[in-house]
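The numbering of the sequence shown is UniProt numbering, which starts it at 1 and goes up by one.
Cβ coordinates follow ideal geometry from the N, Cα and C atoms, glycine included.
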Amino acid sequence: MATIFENPRDLLGKEGTRLDTSDWLTIEQSRIDAFADCTGDHQWIHVDPVRAKDGPFGATIAHGYLTLSLVNLFMPQIVEVRRFSAGVNVGMDKTRFLTPVLVGSRIRGSGEIVSAQEVKGGAIQAVIRVTVEIEGKDKPACVVDTINRYFPE
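What follows is the structure, given as structure tokens:
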């Protein structure tokens, strides 16, 4: 269940606050293949299980950008901000891919508020660090600082 903020201003002063954790998601070959089709990245390490078996990881791995894109799936499970007219993803900072995600792995996201401030027009801009964990691994798959802007009602 997401950590809830009743309005965007409630994010102010909450730097360092740990947010909730998303549900686990199993990374299936079909998801990897669909991502390859969408992006045109059909590198064998992602889409050829036979060849990847003899590769550096012993199996196919998810694209780093697939792992990154799943942050969008995890965010509503991590944090819920209420009572705003519009919310936009402004970008991201400090994106790192630390551990490959092997097919069949389970991943989830966890969050922390890095910063929150009022910006032009009265919007609240929050930087939320999302760590994509791999079940059973010490190092995460990905860490990204997302930049989110919430416009007042």
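- Put simply, of Arg96, Lys137, Ile45 and Leu68 the residue whose alpha carbon is nearest the alpha carbon of Phe57 is Ile45.
- About 5 angstroms separates the CB atoms of Ala86 and Phe151; that is less than 8 angstroms, so the two are in contact.
- Sixteen is the threshold: since fewer than 16 other Cβ atoms of the shown chains lie within 10 Å of the Cβ of Glu135, the residue is exposed.
- Here the region 28-38 makes no contact with the region 79-99; the two share fewer than three CB pairs at distances below 8 angstroms.
- Looking at the DSSP output, Ile113 bridges to Ile128.
- Note on geometry: alpha-carbon atoms of Ile113 and Gly64 lie some 23 angstroms from one another.
- Among the bridge pairs identified by DSSP, Thr21 is matched with Ser110.
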